[in-house]
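Trainee: I have a structure here, written as C-alpha cells, and I will follow up with some questions on it.
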Amino acid sequence: MNDTKYLEIIKAPVITEKSQLLKEAGQYTFKVDPRTNKTEVKQAIEKIFNVKVVSIKTINEKPKKRRVGRYTGLTNRSKKAIVKLAEGQTIDLG
C-alpha cells in the first residue's frame, strides 16, 4: 500500500473526555473508514505515526435517525478504532 491509502483509512482522531482518559493509559481513538479491518488499521497507524501497535478494538457505529422539518433520514455510518500502543510510545495529536 502507498501512503495515500493509509491516510484514507485513518480519518481523524476522536477528541472526547473518554478518549483523553484512555490516552493516559496509552490508548488512542481514531475514526476510520468503515470498510477497513483491524489489520489494515494497524498497518496504517504504524506507518503514519511510526509506533508499535499492541492491540486494536473496533466499534461500528450504526446510523441514527435524524429529522429536519418534515424530512427524515439517517446519519452516515462510521467506525472507531481504539489503538493500544507498546509501553513507552506516544502519538502527538497536536
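Count along the sequence shown from 1, then add 827; that gives the number in my numbering.
Idealized CB from N, CA, C, for every residue including glycine.
Short check: CB of Lys906 to CB of Val881, under 7 Å?
Mentor: No, they are not a contact pair.
Trainee: Between Glu851, Lys879, Asp830, which has its C-alpha nearest Ala913's C-alpha?
Mentor: Comparing Cα positions, the closest option is Lys879.
Trainee: Can you tell me where the beta strand (DSSP E) with Ile883 in it begins and where it stops?
Mentor: Start and end: 880-888.
Trainee: Tell me the rounded alpha-carbon separation between Gly853 and Lys832.
Mentor: Computed Cα separation, rounded: 25 Å.
Trainee: To which residues of the same chain is Val920 closer than 6 Å at the C-beta, ignoring the five residues directly before and after it?
Mentor: The question names Val, but residue 920 in the sequence shown is Leu. Closer than 6 Å at Cβ, skipping near neighbours: Pro840.
Trainee: Could you check if Val859 is buried or exposed, using at least 16 other CB atoms within 10 Å of its CB as the buried criterion?
Mentor: With 16 or more Cβ atoms within 10 Å of its Cβ, Val859 is classed as buried.
Trainee: Count the other C-beta atoms from every protein chain shown that fall within 10 angstroms of the C-beta of Thr856, then say buried if there are 16 or more, exposed otherwise.
Mentor: Under this definition Thr856 is a buried residue.
Trainee: Go through the stretch 832-896 residue by residue and report every complete run of the beta strand (DSSP E) that reaches 3 residues or more, in order.
Mentor: Fully enclosed beta strand (DSSP E) runs of 3 or longer: 837-840, 854-859, 880-888, 892-895.
Trainee: So, are the CB atoms of Val868 and Ile883 less than 7 Å apart?
Mentor: It is a contact, given that the beta carbons lie within the stated cut-off.
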